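Protein chains in written order, with this note's numbering: chain A, 3 to 168; chain B, 3 to 168.
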């Protein structure tokens, strides 16, 4: 670890990579629980699909650690802990209600937006640091997260919440 | 508070409104500290501008509480606590380094994305619940948050991080 005053964008990139690596592993643990809680088949399928994508995203992060010649290691990410905690509260407070799926969707979209922000930042920094291969890997995940968020938005605007509002 | 099984989308809307109301108040406290920490004049100006916008967003939330005939009251939001905690860590770990502004920008964008996700969700639910005035107010804030995030992205891709990477 560089001494405080000598820290550079390279250090910040690595710290943030560790942060999202930790976050992705927490998300991977949370997704099966969210899928199990969902009452809508479409929502459950969306969570199951994203579980597979998350495995691929973790693999891409490990490739970037390799490019940096650093061990793939996570760093506790307070943000994802808080976001997932809110999801757990929804699952507990709205269990058995008609609004549960709407709450699960909202929790999942908060997760997606955290990831979109982190991958956008990492991609920008990788570009500034001249890490072309990392830019490509980060962009693949970023586009995937945006697509997932868009799909969740479509679900949120359609039947899932209509059922809840009915 | 409705008994657990009877909870509806109306309850979820109100709970989430309280969550983002609490979050906005925390953000309003954090922004002057972030502005003070920033070394770039443009970044400091962006934080100061967003402080004013945040006051307007809080005012809009209070209008929605009024529409619902409910007292404007926050509910501890674990997500924003975690996101802001990460911002504080960056300020402390990167103080005095060339990468500080890049880290502040990343922290601010994580906040913006949390807000975008919450306002998007609330707007969708307000629509499903037939609350036209609330939809309008929530959309105003949502568009403002998206613009702020876009402006921060432009800063992140330009001089702020270039200075850090130089």
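Heads up, the beta-carbon is just placed ideally off N, CA and C, and yes, glycines get one too. Here the structure is a predicted model, which is why all the values come from computation and not from measurement.
Can you tell me whether residue i is buried or exposed, with buried defined as 16 or more other CB within 10 angstroms of its CB?
i, result
"residue 38(B)", "exposed"
"residue 68(A)", "exposed"
"residue 120(A)", "buried"
"residue 59(A)", "buried"
"residue 134(A)", "exposed"
"residue 122(A)", "buried"
"residue 99(A)", "buried"
"residue 61(A)", "exposed"
"residue 166(B)", "Low confidence applies to residue 166(B): its pLDDT is 49, below 50, so where it sits in the model is not reliable, and the reading given next is rough at best. It counts as buried."
"residue 145(A)", "exposed"
"residue 47(A)", "exposed"
"residue 43(A)", "exposed"
"residue 54(A)", "exposed"
"residue 152(A)", "exposed"
"residue 57(A)", "exposed"
"residue 84(A)", "buried"
"residue 132(B)", "exposed"
"residue 21(B)", "buried"
Within the 9 Å Cβ cut-off, does residue i reach chain B?
i, result
"residue 115(A)", "yes"
"residue 75(A)", "no"
"residue 19(A)", "no"
"residue 107(A)", "yes"
"residue 141(A)", "no"
"residue 145(A)", "no"
"residue 44(A)", "no"
"residue 47(A)", "no"
"residue 152(A)", "no"
Looking at the C-beta of residue i, does it have a partner C-beta in chain A at a distance below 9 Å?
i, result
"residue 149(B)", "no"
"residue 26(B)", "no"
"residue 11(B)", "yes"
"residue 14(B)", "yes"
"residue 31(B)", "no"
"residue 7(B)", "yes"
"residue 37(B)", "no"
"residue 40(B)", "no"
"residue 155(B)", "yes"
Which residue comes first and which comes last in the alpha helix (DSSP H) that contains residue i?
i, result
"residue 71(B)", "From DSSP, residue 71(B) is part of no alpha helix (DSSP H); its letter is neither H nor E."
"residue 17(B)", "11-39"
"residue 149(B)", "134-159"
"residue 101(B)", "That residue, residue 101(B), is in no alpha helix (DSSP H); it is neither H nor E in DSSP."
"residue 84(B)", "80-95"
Between residue i and the ligand HEM, is there a pair consisting of the residue's CB and a ligand heavy atom that are separated by less than 8 Å?
i, result
"residue 80(A)", "This structure lacks the ligand HEM; in fact it carries no ligand of any kind."
**Study point:** Contact list for the region 83-96 of chain B against chain A, Cβ threshold 7 Å
**Key:** 83, 84, 85, 87, 88, 96
Check your understanding: Between the region 50-71 of chain B and chain A, which residues of the former have CB atoms less than 9 Å from a CB of the latter, in chain order?
Key -> none
Check your understanding: Which of the residues in the region 125-138 of chain A, read from start to end, lie with their CB under 7 Å from any CB of chain B?
Key -> 126, 127, 130, 131
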